[in-house]
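Protein chains: 2
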Amino acid sequence: MTMRPPAEIGMTLDQIDTPALVIDLDAFERNMKTLADAAAAAGVKVRPHAKTHKSPVITLKQMALGAVGACCQKVSEAETLVLGGVPDVLVSNEIVGATKLKRLMALTRLARVAVCVDDVVHIDMIDDAAAAADATIDLLVEVNMGGNRCGVEPGEPALRLVQRILRSRRLRFRGLQAYHGTAQHRRTPAERRAEISQAIERARTTRDLIVANGIPCPEVTGAGTGTFALEAASGVYTELQCGSYIFMDADYARNQGEDGQPERKFEHSLFVLATVMSRPTDDRALCDAGHKAASVDSGFPVIHGFDEAEYVRAADEHGLLSLKRPTNRLRIGEKIKLIPGHCDPTVNLHDWYVGLRGDRVEAIWPVAARGAMF
Amino acid sequence: MTMRPPAEIGMTLDQIDTPALVIDLDAFERNMKTLADAAAAAGVKVRPHAKTHKSPVITLKQMALGAVGACCQKVSEAETLVLGGVPDVLVSNEIVGATKLKRLMALTRLARVAVCVDDVVHIDMIDDAAAAADATIDLLVEVNMGGNRCGVEPGEPALRLVQRILRSRRLRFRGLQAYHGTAQHRRTPAERRAEISQAIERARTTRDLIVANGIPCPEVTGAGTGTFALEAASGVYTELQCGSYIFMDADYARNQGEDGQPERKFEHSLFVLATVMSRPTDDRALCDAGHKAASVDSGFPVIHGFDEAEYVRAADEHGLLSLKRPTNRLRIGEKIKLIPGHCDPTVNLHDWYVGLRGDRVEAIWPVAARGAMF
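So the sequence lines, in the order shown, correspond to chains B and A.
Just so we're aligned, residue 280 is where the first sequence starts under the working numbering, counting upward by one.
Just so we're aligned, residue 280 is where the second sequence starts under the working numbering, counting upward by one.
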């Protein structure tokens with residue numbers, strides 16, 4: 280259940296209990312501004328993904344820099360955001376089930392809420408739920424951008440769903456959900472450009488077909504931290520859904536920029552603070568952050584600012600650090616900062632953010648939608 | 280933070296919100312009895328690992344079948360167990376840090392508590408914390424069984440730590456922590472036997488050396504679900520620390536028995552109940568359980584009782600199911616049971632167990648130590 284915070288405001292870094300999810304607030308604020316400035320220059324809106332941070336506090340900070348609201352993947356995340364003061368939330372995902380739809384409809388009384396569909400089954404279910412709740416709600420049609428996850432095929436199949444929405448009793452058509460997930464993590468700019476060019480064409484032709492049928496299509500929303508500059512410059516996308524940019528993780532840092540070097544638009548601002556708990560041999564140290572403190576689905580954490588050791592194996596509650604050469608560091612009790620392999624599922628393991636200004640704790644924020652999977 | 284339960288007692292399976300962590304109570308109870316009977320027959324004690332289930336309710340059920348208490352990896356897990364009524368808890372791990380040690384000492388007032396060490400640094404820190412709290416505590420010396428994680432080397436190095444414990448002010452020596460983690464998941468019985476034979480020899484020679492120095496060594500504790508029969512028959516181990524046996528996961532089910540077939544001592548009793556949320560093509564379905572509902576560190580979940588589809592890719596909130604042949608099943612809204620790849624970190628993602636007797640919800644138990652990483 281919810282654990283006590285690992286720190287209190289005013290503590291210094293060495294006093295924080297571990298493992299703890301810490302934010303370098305300076306880097307985090309620079310990241311927020313970098314995306315806000317890029318979007319403003321390109322003339323597109325930003326609707327940052329809250330599945331990354333699961334925190335209405337952070338969404339409101341993003342909105343203070345111009346974001347129009349948030350997106351999220353689950354109704355329970357949307358509840359957490361709306362009840363935390365976020366006035367505009369898009370559930371950028373398909374939602375199935377009577378309980379979830381009833382809760383979604385209740386949220387439409389409190390905020391501007393929208394949800395995605397990729398099948399007539401969704402449209403009919405949501406229309407029924409809206410009628411039962413005497414509510415109305417905006418829908419976006421999710422189109423398969425090539426990532427082959429959810430999403431109706433572009434063109435005619437998408438148009439048919441839009442027409443079905445227009446024949447419903449309670450639903451409004453807002454536009455297209457056009458996110459290409461797998462393209463975000465292609466390592467070279469050429470690969471990302473190739474996949475996003477295809478996505479832009481799919482979105483453009485689908486939007487044009489809808490408009491040619493006399494139906495307004497005000498929004499085309501999508502894009503992520505790996506590719507947003509391409510969607511922003513497309514003239515097709517109206518909204519960017521980047522999430523990870525505020526934190527950056529080790530996996531995104533493996534993306535290359537145009538010069539073949541690691542892409543460095545954004546800085547690492549999120550770390551799992553860990554403690555060395557065992558030092559059995561000269562070439563081996565164990566820290567107290569394993570699977571239950573940092574997700575390894577996109578690779579192991581990377582030790583921040585210390586390249587003489589590597590995180591090479593995770594157990595539930597242990598991280599095995601392999602030392603490349605003799606060092607006086609990594610003694611029992613020493614704290615290290617780990618850059619998570621994948622920030623979103625790592626955040627979801629923790630109950631609290633510890634916000635650091637330099638080495639001092641300035642903020643303690645709840646990961647309010649931690650575990651919000653419904 | 281803590282989410283509402285996905286079900287209520289008395290509901291049927293089709294009414295449970297998803298993703299949900301469900302227990303087949305009949306299989307779960309059979310698994311508990313199978314280990315209890317095997318240990319009783321071998322004349323060894325059982326101290327099941329609570330890092331698997333994180334629930335004092337489940338530990339008390341294990342104790343009702345003869346277990347002597349629980350082990351766990353973290354002080355915050357020990358707190359949850361002790362405050363939930365468990366009278367005997369071993370923290371089978373090294374604990375570093377003043378805050379954690381202060382909390383550990385407080386627990387010694389409420390229950391029989393022990394902790395592991397593999398370095399003089401630990402012994403001195405714990406002795407200081409015990410003195411400051413006017414407490415005493417039992418220590419086990421963790422010995423490296425060949426898994427090369429924590430643990431002092433066997434023989435003389437272990438003896439020197441035991442002698443240091445005897446020279447302390449506040450510490451008692453209880454025995455050896457002798458768990459071999461990597462051996463649990465070796466696929467063939469021959470591989471597991473080879474590694475555990477080595478572990479047994481390391482434990483035996485270390486214990487004998489300690490005893491030869493006139494020091495009683497009452498406990499040798501270790502073993503897991505993959506190898507416990509070997510440790511139980513060794514004549515060296517006094518306690519088994521199996522955890523996963525109550526649930527079984529897809530990874531443990533890949534271990535082979537003596538006949539070369541998958542080992543079937545224990546049944547799958549833990550599932551992530553998921554809903555099909557999108558069905559874009561004939562060969563592709565998406566369910567609502569991704570990284571945030573089931574850990575993939577030991578492979579993707581396996582669909583229970585349905586081999587016409589395979590879980591082939593996970594995103595944060597999506598599981599991609601690949602269909603091998605046309606089927607009328609996996610329509611939008613259909614529920615499926617997923618066998619987690621690795622039960623321990625999967626349990627840690629959920630706030631509630633939903634206990635099923637057949638298709639009816641009989642119990643709702645909190646995952647009380649969810650997030651207990653301190």
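Cβ coordinates follow ideal geometry from the N, Cα and C atoms, glycine included.
Checklist line | Spatially closest choice to Arg448 (chain A) from A:Ser523, A:Asp403, A:Asp561, by CA coordinates | finding: Taking the second sequence and counting its residues from 1, the one referred to as residue 448 (chain A) is at position 169. The shortest C-alpha separation from Arg448 (chain A) is found at A:Asp403.
Item checked: Residue-chain proximity (Ile618 (chain A), chain B), Cβ-Cβ < 9 Å -> Stepping through the second sequence from its first residue, residue 618 (chain A) is reached at position 339. For Ile618 (chain A), the answer is no, since every Cβ of chain B falls outside 9 Å of its Cβ.
Next item on the list: Measure the alpha-carbon distance for Ile611 (chain B) versus Ser371 (chain A) and round it to whole angstroms.
Entry: On the first sequence, position 332 is the one that residue 611 (chain B) refers to. On the second sequence, position 92 is the one that residue 371 (chain A) refers to. Rounded to the nearest angstrom, the two C-alpha atoms are 17 Å apart.
Checklist line | Within-9 Å CB hit, Gln352 (chain B) to chain A | finding: Taking the first residue of the first sequence as position 1, residue 352 (chain B) is located at position 73. With 9 Å as the cut-off, Gln352 (chain B) counts as an interface residue toward chain A.
Next item on the list: Could you check if Ile288 (chain B) is buried or exposed, using at least 16 other CB atoms within 10 Å of its CB as the buried criterion?
Entry: For the purposes of this step, residue 288 (chain B) is identified with residue 9 of the first sequence, where counting begins at 1. Looking at its Cβ environment, which holds fewer than 16 other Cβ atoms inside 10 Å, Ile288 (chain B) is exposed.
Margin query: Cutting at 6 Å between CB atoms, please list the residues of its own chain near Ser557 (chain A), excluding the five before and the five after it.
Written below: Numbered from 1 along the second sequence, position 278 holds the residue referred to as residue 557 (chain A). Same-chain partners within the cutoff: Leu565.
Note to self: Please state the DSSP three-state secondary structure of Pro559 (chain B).
What the structure shows: Residue numbering aside, residue 559 (chain B) sits at position 280 when the first sequence is read from its first letter. If DSSP states are grouped into helix, strand and coil, Pro559 (chain B) belongs with the strands.
Check: Glu518 (chain B): buried (16+ other C-beta within 10 angstroms of its C-beta) or exposed?
Finding: If you number the first sequence from 1, residue 518 (chain B) lands on position 239. Buried: at least 16 other Cβ atoms inside 10 Å.
Notebook entry, point to check: Going by other Cβ atoms of all chains shown within 10 Å of its Cβ, with 16 needed for buried, is Gln442 (chain A) buried or exposed?
Noted result: Looking up residue 442 (chain A) in the second sequence gives position 163. Under this definition Gln442 (chain A) is an exposed residue.
Note to self: Against chain A, with Cβ distances strictly below 9 Å, would Met527 (chain B) count as a contact?
What the structure shows: Counting from one through the first sequence, the residue named residue 527 (chain B) turns up at place 248. Not one chain A Cβ lies under 9 Å of Met527 (chain B).
Margin query: Taking the alpha carbon of His328 (chain A) as the reference point, which residue from A:Gly426, A:Met282, A:Asn427, A:Ala349 has its own alpha carbon closest?
Written below: In the second sequence, residue 328 (chain A) corresponds to position 49, counting from 1. Comparing Cα positions, the closest option is A:Ala349.
Note to self: Out of B:Leu386, B:Met342, B:Leu438, B:His547, which one is the CA nearest neighbour of Val325 (chain B)?
What the structure shows: The residue labelled residue 325 (chain B) in the question sits at position 46 within the first sequence. Closest by alpha carbon: B:Met342.
Next item on the list: Can you pull the chain A residues whose beta carbon is under 8 Å from the beta carbon of Thr291 (chain B), in chain order?
Entry: Here residue 291 (chain B) is taken as the residue at index 12 of the first sequence, counted from 1. None at all; the shortest Cβ gap to chain A is about 14 Å.
Checklist line | From B:Met424, B:Ala286, B:Leu617, residue whose alpha carbon lies closest to that of Glu680 (chain B) | finding: Nothing can be reported for residue 680 (chain B), as the shown portion of chain B is limited to 280 through 653.
Notebook entry, point to check: Of the residues B:Ala469, B:Asp528, B:Leu300, which one's Cα is nearest the Cα of Gly634 (chain B)?
Noted result: Working through the first sequence from its first residue, we reach residue 634 (chain B) at position 355. For Gly634 (chain B), the nearest C-alpha among the options comes from B:Leu300.
Margin query: Would you say His332 (chain B) lies against chain A (beta-carbon separation less than 9 Å)?
Written below: On the first sequence, residue 332 (chain B) is found 53 positions in, with the first residue counted as 1. So, not an interface residue.
Notebook entry, point to check: By the criterion of Cβ-Cβ separation under 7 Å, what are the contact partners of Arg428 (chain B) in chain A?
Noted result: Counting from one through the first sequence, the residue named residue 428 (chain B) turns up at place 149. Here the neighbours are Leu565, Ala594, His597, Leu599.
Margin query: If you follow the beta strand (DSSP E) that Phe452 (chain A) is in, where does it begin and where does it stop?
Written below: Translated into positions along the second sequence, residue 452 (chain A) becomes position 173. Looking at the DSSP string, the run of the beta strand (DSSP E) that includes Phe452 (chain A) is 450–456.
Notebook entry, point to check: Ile475 (chain B) to Ala462 (chain B), Cα distance in whole Å?
Noted result: Your numbering for residue 475 (chain B) matches position 196 in the first sequence. Your numbering for residue 462 (chain B) matches position 183 in the first sequence. Those two C-alpha atoms are separated by around 7 Å.
Check: Opposite Thr500 (chain A) in the DSSP bridges: which residues?
Finding: For the purposes of this step, residue 500 (chain A) is taken as residue 221 along the second sequence, with counting starting at 1. Bridge partners of Thr500 (chain A): A:Gln456, A:Glu518.
Notebook entry, point to check: Based on the DSSP output, what are the partners of His328 (chain B) in its beta bridges?
Noted result: Your numbering for residue 328 (chain B) matches position 49 in the first sequence. Looking at the DSSP assignment, His328 (chain B) forms a beta bridge with B:Cys350.
Notebook entry, point to check: So what does DSSP say about Ala414 (chain B), is it helix, strand or coil?
Noted result: Counting from one through the first sequence, the residue named residue 414 (chain B) turns up at place 135. Residue state, collapsed to three classes: coil.
Note to self: Let me check understanding here. Comparing Cα to Cα, which of A:Pro284, A:Leu292, A:Arg451 lies closest to Gly637 (chain A)?
What the structure shows: If you number the second sequence from 1, residue 637 (chain A) lands on position 358. Closest option to Gly637 (chain A), Cα to Cα, is A:Leu292.
Notebook entry, point to check: Counting contacts by CB-CB distance shorter than 9 Å, is Met280 (chain B) in contact with chain A?
Noted result: By one-based count along the first sequence, residue 280 (chain B) stands at place 1. Yes - at least one Cβ of chain A is within 9 Å of the one on Met280 (chain B).
Check: Just checking my contact of Ala393 (chain A) with Leu419 (chain A) at CB under 8 Å: how many whole Å lie between their CB atoms?
Finding: Taking the second sequence and counting its residues from 1, the one referred to as residue 393 (chain A) is at position 114. Taking the second sequence and counting its residues from 1, the one referred to as residue 419 (chain A) is at position 140. Confirmed, Cβ separation roughly 6 Å.
Check: What do you reckon, are the CB atoms on Pro619 (chain B) and Ser574 (chain B) nearer than 9 Å?
Finding: Here residue 619 (chain B) is taken as the residue at index 340 of the first sequence, counted from 1. Here residue 574 (chain B) is taken as the residue at index 295 of the first sequence, counted from 1. Yes; because the gap between Cβ atoms is below 9 Å, this pair is in contact.
Next item on the list: Taking only beta-carbon positions, decide if Thr554 (chain A) is within less than 9 Å of chain B.
Entry: By one-based count along the second sequence, residue 554 (chain A) stands at place 275. Yes - at least one Cβ of chain B is within 9 Å of the one on Thr554 (chain A).
Check: alpha helix (DSSP H) containing Ala588 (chain A): first to last residue?
Finding: Taking the second sequence and counting its residues from 1, one reaches residue 588 (chain A) at position 309. Where Ala588 (chain A) is concerned, there is no enclosing alpha helix (DSSP H), although the beta strand (DSSP E) it sits in stretches over 588–593.
Check: Count the other CB atoms within 10 Å of the CB of Lys603 (chain A); is the residue buried (16 or more) or exposed (fewer)?
Finding: As a position in the second sequence, residue 603 (chain A) is number 324, starting the count at 1. Exposed, by the Cβ-count rule.
Check: Of all Cβ atoms in chain B, is any one closer than 9 Å to the Cβ of Ser249 (chain A)?
Finding: Beyond the ends of chain A as shown, which are 280 and 653, falls residue 249 (chain A); an answer cannot be given.
Item checked: Pairwise C-alpha distance: Phe307 (chain B) and Val515 (chain A) -> For the purposes of this step, residue 515 (chain A) is taken as the residue at position 236 of the second sequence. For the purposes of this step, residue 307 (chain B) is taken as the residue at position 28 of the first sequence. Answer to the nearest angstrom: the Cα atoms are 54 Å apart.
Next item on the list: Tell me, please, whether the stretch 489–509 of chain B touches the stretch 454–470 of chain B by the rule of three or more beta-carbon pairs shorter than 8 Å.
Entry: yes
Check: In the DSSP assignment, what residue or residues form a beta bridge with Ser601 (chain B)?
Finding: Your numbering for residue 601 (chain B) matches position 322 in the first sequence. In DSSP, Ser601 (chain B) forms a bridge with B:Arg563, B:Glu589.
Notebook entry, point to check: Terminal residues of the continuous beta strand (DSSP E) containing Ala491 (chain A)?
Noted result: Here the question's residue 491 (chain A) lines up with position 212 in the second sequence. Counting along the chain, Ala491 (chain A) falls outside any beta strand (DSSP E), though it belongs to the alpha helix (DSSP H) covering 468–491.
Check: What residue does the alpha helix (DSSP H) around Pro654 (chain B) start on, and which one ends it?
Finding: No answer is possible for residue 654 (chain B): the residues shown for chain B start at 280 and end at 653.
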